[in-house]
Amino acid sequence: MADPYDLVVIGSGPGGYVCAIKAAQLGLKVACVEKRKTYGGTCLNVGCIPSKALLYASEAFAEAGHSFADLGIEVAPKLNLDRMMGHKDKTVKANVDGIAYLFKKNRIDGIIGTGRIKSAGEVEVTKEDGSSQTLQAKAICIATGSEVAGIPGLDVTFDETTIVSSDHAIALPKVPKTMVVVGGGVIGLELGSVWARLGADVTVVEFLDKVLGPMDQEVSTAFQKLLVKQGLTFRLGAKVTGVAKTRKGASVTFEPVKGGEAETIEADVVLVATGRKPYTEGLGLADAGVALDERGRVEIDQHFKTSVDGIYAIGDVVKGAMLAHKAEDEGVALAEILAGQSGHVNYDAIPSVVYTSPEVASVGRTEEELKKAGIDYKVGKFPFMANGRARAMLKTDGFVKVLADARTDRVLGVHVLGAGAGDLIAEAALLMEFGGASEDLARTSHAHPTLSEAMREAAFAAFAKPIHI
Ligand code: NAI
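Numbering that gives the first Met the number 0 applies: residue 0 is where the sequence shown begins, and numbers increase by one.
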């Protein structure tokens, strides 16, 4: 029998493939089992990467049609959806091929097939042709991610043509005239934005009375106003109670959460984006004795160990934010732990980004969370309207908001609504990782003219006074 692997990872998404690579770099013998035909999981195949290709392309299309004229560029853009989808497909291919290359480079055995845990130490892999093999493993990492959850309490049939999940909303064959998005969370607003920019009349129906539920309220309110200006319609505080196919497309029935008459609207396409759930089907967890929590997530201790010795889990399949980079961080930490090092993830400094236009990004706590926790805080804000570079780029929407401890000045949360927010938030995450204060950020030299000066000015506003307002 061949030597056992030190680590067999099941799932090659950002959690799994990163864990595999880090473990191999640390000298472990590693295999990574993947059910899809290509590596990269939801993120690279049908999630983050393809949606960003479409978000970028559709934003360029919208800018060419709306704001280029103000820059002195007169064009009449014409959409070639097939080519835009081609750009998306090429982007996905380059990324998934990149993982296959990295596996080879790091001498990881990438195995395409469905993995099932027979017991601690054994993973059975079944190939498409029905053949199977059993891998011996000193450690097993479950990194199987998540799947579309559907609408809680409703039995929605996705035909993936008129009633679609995010997996298929990135591949519609033509721009629908009308689209209803159920759920005003990250997926609903990103993909709703794509199709709205390409010409669809988009209505978002959301249960809560705000979009992006966990986001800072002030940011959420300002962001929603900008989306309304872009043509999206919102029905907030509305609980969807039915989604059905109709002769022309599909209908969505919803009722006000606070009580009142139900209403039904029809659209060519309905995108259901009401969350994701851990994916553990067919993994053999019950037989192996791996415990799940009340929400179907694999239970782990602080070192990612499940209820069974030798079996670990990371990413969307365990508790915490369903974010690719959170999974990556956990993958690195677990590999380090397995190699005898002290891997650790600081869950208080994980940024979160919504890739709309403008982008929304945050790290740390919201103002509402600080109030609820009874923490005395101060706020520093700075609008992009007062930033020279933003004016030059005609990207003046939004602001930066820094929340710092009133007594110690330690930064507790940073929220950015504006162009490039997803990149700007990195310095806030770094600052928080080092336990920095708003004064530290304000005293750090920032190149002029850049959008990042708005970060510095908001920090100045928290600790003293901003210069440019
Ligand atoms: P989500 O949890 O962000 O939003 C779902 C929304 O649906 C919530 O606001 C909820 O109130 C609403 N909802 C639920 N039931 C409803 C009903 N019956 N009627 C009306 N509204 C209802 O989930 P989403 O957008 O599907 O995303 C899934 C996961 O993927 C999230 O954890 C998200 O963080 C992650 N993701 C992250 C991205 C990023 O970081 N840029 C991009 C895409 C997804």
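Positions of the beta carbon are idealized from the N, C-alpha and C atoms, including for glycine.
Sequence ranges, beta strand (DSSP E) only - wholly within the stretch 256–304, length at least 3: Entirely contained in the stretch 256–304, the beta strand (DSSP E) runs reaching 3 residues are, in chain order, 262–266, 268–271 and 275–277.
Counterpart residues of Pro83 in DSSP-defined beta bridges: The sequence given here places Met at residue 83; Pro does not occur at that position. In the DSSP output, where bridge partners are listed per residue, Met83 has none listed.
Helix, strand or coil at His324 according to DSSP, with G and I counted as helix: Three-state result, His324: helix.
Beta-bridge partners of Ala136, as assigned by DSSP: In the DSSP assignment, Ala136 forms a beta bridge with Tyr4.
Every unbroken beta strand (DSSP E) inside the stretch 72–134 [3 residues or more]: At a cut-off of 3 residues, the continuous stretches assigned as beta strand (DSSP E) that sit fully inside the stretch 72–134 are 108–111, 113–118 and 121–125.
Bridge partners - Asp404, DSSP secondary structure assignment: For Asp404, which the question treats as bridged, DSSP gives the partners Tyr376.
Element boundaries [alpha helix (DSSP H), containing Asp166]: Unbroken alpha helix (DSSP H) run through Asp166: Ser165 to Ala168.
Tyr354, enclosing alpha helix (DSSP H) - first and last residue: First-last for Tyr354: undefined, no H or E at that position.
For Gly26, three-class secondary structure by DSSP: For Gly26, the secondary structure class from DSSP, reduced to helix, strand or coil, is coil.
Beta carbon of Val297 nearer than 7 Å to that of Thr305: Yes.
Ligand 1 heavy atom lying under 6 Å from the CB of Phe206: Yes, since a heavy atom of ligand 1 falls inside the 6 Å radius drawn around the Cβ of Phe206.
Which listed residue (Glu452, His447 and Ala458) has its alpha carbon closest to that of Asp439: When only C-alpha atoms are compared, the closest one is Ala458.
Pro172 in three-state terms, based on DSSP: Residue state, collapsed to three classes: coil.
Status (buried if at least 16 other CB within 10 Å, exposed otherwise) for Arg275: Answer is buried; the Cβ neighbour count reaches 16.
Any non-hydrogen atom of ligand 1 within 6 Å of Ala272 CB: Under cutoff, so the answer is yes.
Backbone CA spacing between Pro357 and Gly129 [nearest angstrom]: Those two C-alpha atoms are separated by around 48 Å.
Boundaries (first-last residue) of the alpha helix (DSSP H) holding Leu53: Element bounds for Leu53: Cys47 to His65.
At least three beta-carbon pairs within less than 8 Å, the stretch 104–124 to the stretch 263–271: With the cut-off at 8 Å, the stretch 104–124 and the stretch 263–271 do not touch.
Assigned exposure category for Tyr346 - 16 Cβ within 10 Å defines buried: It is exposed - the Cβ of Tyr346 has fewer than 16 other Cβ atoms within 10 Å.
Residue ranges of each alpha helix (DSSP H) within the stretch 162–234, 4 or longer: Qualifying alpha helix (DSSP H) stretches, in chain order: 165–168, 185–196 and 216–228.
Extent of the continuous beta strand (DSSP E) run through Glu358: Glu358 to Gly363 is the extent of the beta strand (DSSP E) around Glu358.
Integer-rounded CB distance, given that Ala334 should sit under 8 Å from Ala22: By a beta-carbon distance limit of 8 Å, Ala22 contacts Ala334. Their separation comes to about 4 Å.
Test item: CB-CB of Ser472 and Tyr278 under 7 Å: Residue 472 lies beyond the range of the chain shown here (0 to 468); nothing can be said about it.
Met84 CB to nearest heavy atom of ligand 1 below 6 Å: False, no ligand heavy atom lies under 6 Å from that Cβ.
Proximity below 7 Å, CB of Ile141 to CB of Ile336: No, they are not a contact pair.
Own chain residues within Cβ distance below 8 Å of Ile48, not counting five before or after: Only Gly39, Cys42, Thr90, Val91 and Asn94 meet the Cβ criterion.
Euclidean distance between Cα positions of Ala99 and Leu282: One alpha carbon belongs to Ala99, the other to Leu282, and they sit about 23 Å apart.
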